[in-house]
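Trainee: Residue numbers (my numbering): 1332 to 1553.
(1) Around the C-beta of residue 1381, are 16 or more other C-beta atoms found within 10 angstroms, so that it is buried, or is it exposed?
(2) With DSSP collapsed to three states, give me the class of residue 1468.
(3) What residue does the beta strand (DSSP E) around residue 1441 start on, and which one ends it?
(4) Thinking C-beta only, is residue 1357 closer than 8 Å to residue 1432?
(5) Name the two residues that bound the continuous alpha helix (DSSP H) containing residue 1410.
(6) What residue range does the alpha helix (DSSP H) around residue 1501 cover?
(7) By DSSP, does residue 1524 sit in helix, in strand, or in coil?
(8) Going by C-alpha to C-alpha distance, which of 1482, 1469, 1473, 1479 sits closest to residue 1494?
(9) Measure the beta-carbon distance from residue 1352 to residue 1402 and round it to whole angstroms, keeping in mind my assumption that it falls under 8 Å.
(10) Within this structure, are the beta carbons of residue 1618 and residue 1548 separated by less than 8 Å?
(11) Taking all protein chains shown into account, decide if residue 1373 is buried (16 or more other Cβ within 10 angstroms of its Cβ) or exposed.
(12) DSSP beta-bridge partners for residue 1403?
(13) Between the C-alpha atoms of residue 1512 and residue 1455, what's the straight-line distance to the nearest angstrom?
(14) Under 8 Å by Cβ, that's how I've got residue 1399 and residue 1416 pegged, so tell me the actual separation to the nearest angstrom.
(15) Just how far apart, CA to CA, sit residue 1462 and residue 1472?
(16) Count the other CB atoms within 10 Å of the CB of residue 1482; is the residue buried (16 or more) or exposed (fewer)?
(17) Exposed or buried, residue 1379, counting other C-beta atoms within 10 Å across all chains shown (16 or more means buried)?
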């Protein structure tokens, strides 16, 4: 581990997978910024802990946006990587998020359906009018609490498009707190928005039994 590297809390680990509580503000995968990312930090952590002389294999099978924290699974073998990636691609996982949004979100429960298109130049995703213009996005939400001009919501992600929860909640007039990119006028803690991957259910890539891993969100999203 390098000095100053963020801590990666381990939620579950065996010979095939590593599930962490991803810190807010940490990239999932290295980009041109040169900033630290989950893969680099996790590999260094395992290499140091297990005193491995060679390279450590970790496969990225899904991503969380940089300002988002919570449950994230990595594969420790190529076989596990292939099988886990297929589950995410084929929508065989169950992903539950917590978010705090602006305003009193109504109704208490709803399924949101939009079509989304990503502008690769600006890295902004927007809701559009039809399937000819964008990809179908679907989520279900449930309001857990309303107070002080905000709503705490639980979100089940049905599809898995880039920035999907952020865009869809903003599209119905309730941006996530701190998400300036998608319309929030309020601040969250530095380096983050109030969106958290609360639980993830998937099949173990080798034993094939269902696993649910839960991480506890910070106070502002609980």
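We put the beta carbon where it would ideally sit given N, CA and C, even for glycine.
Everything numeric in this text was worked out from a predicted model, so none of it was measured.
Mentor: So, from the data block:
(1) Position 50 of the chain shown holds residue 1381. Residue burial annotation: residue 1381 is exposed, with fewer than 16 other C-beta atoms found within 10 angstroms of its C-beta.
(2) The residue you call residue 1468 lines up with position 137 of the chain shown. Correct three-state label for residue 1468: strand.
(3) Numbered from its first residue, the chain shown carries residue 1441 at position 110. Membership of residue 1441 in the beta strand (DSSP E) is indicated by the continuous run 1440-1450.
(4) Looking up residue 1432 in the chain shown gives position 101. Looking up residue 1357 in the chain shown gives position 26. Residue 1432 is not a Cβ neighbour of residue 1357, given a cutoff of 8 Å.
(5) Position 79 of the chain shown, counting from 1, holds the residue named residue 1410. Where residue 1410 is concerned, the enclosing alpha helix (DSSP H) stretches over 1409-1420.
(6) The sequence position of residue 1501 within the chain shown is 170, counting from 1. Taken as a continuous stretch (DSSP letters only), the alpha helix (DSSP H) holding residue 1501 covers 1495-1502.
(7) If you number the chain shown from 1, residue 1524 lands on position 193. It is coil, neither helix nor strand.
(8) As a working mapping, residue 1494 is identified with position 163 in the chain shown. The candidate whose alpha carbon is nearest that of residue 1494 is 1469.
(9) As a working mapping, residue 1352 is identified with position 21 in the chain shown. As a working mapping, residue 1402 is identified with position 71 in the chain shown. Between residue 1402 and residue 1352 the Cβ distance is about 7 Å, and since that is below 8 Å, they are a contact.
(10) Lying outside 1332 to 1553, the shown extent of the chain, residue 1618 is not represented and no answer is given.
(11) Walking along the chain shown from the start, residue 1373 turns up at place 42. Burial is judged here by how many other beta carbons sit within 10 angstroms of a residue's own beta carbon; residue 1373 has at least 16 and is buried.
(12) The sequence position of residue 1403 within the chain shown is 72, counting from 1. When DSSP reads this structure, residue 1403 sits in a beta bridge with 1351.
(13) Translated into positions along the chain shown, residue 1512 becomes position 181. Translated into positions along the chain shown, residue 1455 becomes position 124. Linking residue 1512 to residue 1455 through their CA atoms gives a straight-line distance of about 8 Å.
(14) The residue given as residue 1399 occupies position 68 in the chain shown. The residue given as residue 1416 occupies position 85 in the chain shown. 20 Å between Cβ atoms; not a contact.
(15) One-based indexing of the chain shown puts residue 1462 at position 131. One-based indexing of the chain shown puts residue 1472 at position 141. Cα to Cα, the separation comes out at about 22 Å.
(16) By one-based count along the chain shown, residue 1482 stands at place 151. Residue 1482 comes out buried.
(17) Counting from one through the chain shown, the residue named residue 1379 turns up at place 48. Classification of residue 1379: exposed, given that the 10 Å Cβ count is below 16.
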